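Count the sequence shown with my numbering and you get residues 22 to 328, in order. In what follows, a single structure is set out as structure tokens and then discussed.
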Amino acid sequence: MNHKIAIIGSGPAALTAAIYTARAGLEPVLFASSITPGGELMNTTEVENFPGFPEGIQGPELMEKIQAQAERFGTQIRYEDVTELELSDARKVITTNSGKHEADAVIFATGSAYRKLNLEHEDRLSGHGVSWCATCDGFFFRDKTVAVIGGGDSAMEEATFLTRFAKKVYVIHRRGSLRASKIMQERAFSNEKIEFIWNSEITELHGDDALSAVTVGNLESGEHTRLKLDGLFIAIGNDPRTHLVHQQLELTKEGTIAVAGRSSHTSIPGVFAAGDVIDSKYRQAITAAGSGCAAALDAEHYLAENN
Ligand code: NAP
Numbered sequence: 022m023n024h025k026i027a028i029i030g031s032g033p034a035a036l037t038a039a040i041y042t043a044r045a046g047l048e049p050v051l052f053a054s055s056i057t058p059g060g061e062l063m064n065t066t067e068v069e070n071f072p073g074f075p076e077g078i079q080g081p082e083l084m085e086k087i088q089a090q091a092e093r094f095g096t097q098i099r100y101e102d103v104t105e106l107e108l109s110d111a112r113k114v115i116t117t118n119s120g121k122h123e124a125d126a127v128i129f130a131t132g133s134a135y136r137k138l139n140l141e142h143e144d145r146l147s148g149h150g151v152s153w154c155a156t157c158d159g160f161f162f163r164d165k166t167v168a169v170i171g172g173g174d175s176a177m178e179e180a181t182f183l184t185r186f187a188k189k190v191y192v193i194h195r196r197g198s199l200r201a202s203k204i205m206q207e208r209a210f211s212n213e214k215i216e217f218i219w220n221s222e223i224t225e226l227h228g229d230d231a232l233s234a235v236t237v238g239n240l241e242s243g244e245h246t247r248l249k250l251d252g253l254f255i256a257i258g259n260d261p262r263t264h265l266v267h268q269q270l271e272l273t274k275e276g277t278i279a280v281a282g283r284s285s286h287t288s289i290p291g292v293f294a295a296g297d298v299i300d301s302k303y304r305q306a307i308t309a310a311g312s313g314c315a316a317a318l319d320a321e322h323y324l325a326e327n328n
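Here it is as structure tokens:
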């Protein structure tokens, strides 16, 4: 079947694009994944910074509401994994486990994946002391002791942000110098709540119901020490999920999909990108939603001009 518009992804960017294109009468079909639809917010607990919810809202509930809003206007949601995309022709072909689907325009909003440490118990303790988002979860660590792992801008930003709440913030980094920009480094160095643990990695996570400690291995001396912690924030980078469009769409040096200016236009006409897949900087639910809105409007104009 040929659709006017297909949206790939199911986070705030994809679903906002669905709300807009559905309200524009474009009858979008949205391919959410078969196993983990809903995007990164499905992994968070309370979301307190999404406008419109003064009491806060659980991440999964927020995603349910945005999805319900998209469905209310006629978005067709298919819980299928897209395995291949052929984007170069005017009619785009989307292959999923159910077969081939065609669309005149595609909005690509597959988000990004936080890098993990790949340690035992990391998944189990996620949301129970282990987090990938200080702006989401930092508030829950008032007067607690936390650590951030990583040496880039994200780690410095998270560590500095966490000092608003935590009484002590360790930064554990695998080398003796940081990758972060000078200004972010200086901000962290001058903050007396932050203590750096250099040339070190985390080798074990401990805790039953919630994280209680980590084992830190010094990469120079080989010594291992146990560090009591209430929270661990993993900030070792994240990767935009672009594997479906490699070799087809132009990418930036950060690995995100290249778009023209502030628009969502990719290097192929009729293909639009939104959310974390084009954003290596802000990566918030609300900025992703705004980006999904822009992609919907760009796609709508494209379809009007090409029909
Ligand atoms: P990043 O720059 O890639 O830094 C990742 C850090 O994690 C590096 O220090 C790296 O160590 C470390 N790391 C990677 N894998 C690791 C592992 N398995 N175990 C332990 N440590 C590991 O990522 P980012 O900090 O998320 O930044 C991504 C982009 O966003 C950058 O371009 C950054 O400038 C930008 N950003 C900007 C701002 C801002 O300007 N406000 C804020 C956040 C992010 P090594 O240094 O040894 O490689």
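For glycine and all other residues, C-beta sits at the position ideal for the given N, C-alpha and C. These figures come from a predicted structure and were not determined experimentally.
In this structure, the ligand NAP has no non-hydrogen atom nearer than 6 Å to the beta-carbon of Asp297. Close CB contacts of Thr181 within its chain, under the 8 Å cut and outside five residues either way in sequence, are with Met205, Arg208, Ala209, Asn212, Ile215 (chain order).
Remark: fewer than three beta-carbon pairs, one from each stretch, lie closer than 8 Å, so the stretch 93-101 and the stretch 266-277 are not flagged as touching. For Ser133, no alpha helix (DSSP H) segment is defined; the enclosing uninterrupted segment is the beta strand (DSSP E) at 133-135.
Under DSSP, Leu226 shares a beta bridge with Val235. In terms of CA proximity to Gln305, Pro33 leads the group Ile26, Pro33, Ala27, His24. Counting along the chain, Ile204 sits inside the alpha helix (DSSP H) bounded by residues 203-210. Taking Phe71 as reference, the option from Ala201, Thr156, Val50 with the minimal CA-CA separation is Thr156.
Per DSSP, the continuous alpha helix (DSSP H) segment holding Glu178 begins and ends at 174-183. In its chain, beyond the 5 residues on either side, His149 have a beta carbon closer than 8 Å to the beta carbon of Asp230. For Gly46, the shortest separation between its Cβ and any heavy atom of the ligand NAP does not lie below 6 Å. At least one heavy atom of the ligand NAP sits closer than 6 Å to the Cβ of Ile257.
Contact annotation, Arg262 with Ala124: C-beta distance approximately 19 Å; criterion of less than 8 Å not satisfied. Look at Glu241: its beta carbon is at least 6 Å from all of the heavy atoms in the ligand NAP. Straight across, the Cα-Cα distance linking Pro49 with Glu101 is about 15 Å.
Taking C-alpha positions only, Ala27 is separated from Leu138 by approximately 34 Å.
Excluding residues up to 5 positions away in sequence, Val114 lie with their Cβ nearer than 6 Å to the Cβ of Glu107 in the same chain. Between the alpha carbons of Ala316 and Val292 lies a distance of about 9 Å. For Asn259, the number of other beta carbons within 10 angstroms of its own is at least 16, and it is reported as buried.
Linking Glu179 to Arg112 through their CA atoms gives a straight-line distance of about 43 Å. Contiguous alpha helix (DSSP H) elements confined to the stretch 47-117 occur at 80-93, taking only those with 4 or more residues.
The nearest non-hydrogen atom of the ligand NAP is less than 6 Å from the C-beta of Gly173. Asn118 has its alpha-carbon roughly 42 Å from the corresponding atom of Met177.
Counting along the chain, Thr37 sits inside the alpha helix (DSSP H) bounded by residues 33-44. Burial check for Leu240: the Cβ neighbour count within 10 Å stays below 16, so the residue is exposed.
By a beta-carbon distance limit of 8 Å, Phe160 does not contact Val192. Their separation comes to about 19 Å.
Ser242 is classed as exposed because its beta carbon has fewer than 16 other beta carbons within 10 Å across all chains shown. If you draw a straight line from the Cα of Ser233 to the Cα of Leu62, it is about 24 Å long. Each of Glu326, Ser109, Cys154, His264 was checked against the Cα of Tyr303, and the nearest Cα belongs to Cys154.
Rounded to whole angstroms, the Cβ separation of Phe162 and Ala187 is 5 Å, and the two are in contact under 8 Å.
For Glu178, the shortest separation between its Cβ and any heavy atom of the ligand NAP lies below 6 Å. Sorting Asn23, Thr42, His24, Met22 by C-alpha distance to the C-alpha of Gly313 places Thr42 at the top. The alpha carbon of Ala310 has as its nearest neighbour, out of Ile40, Ser147, Thr116, Asn23, the alpha carbon of Ile40.
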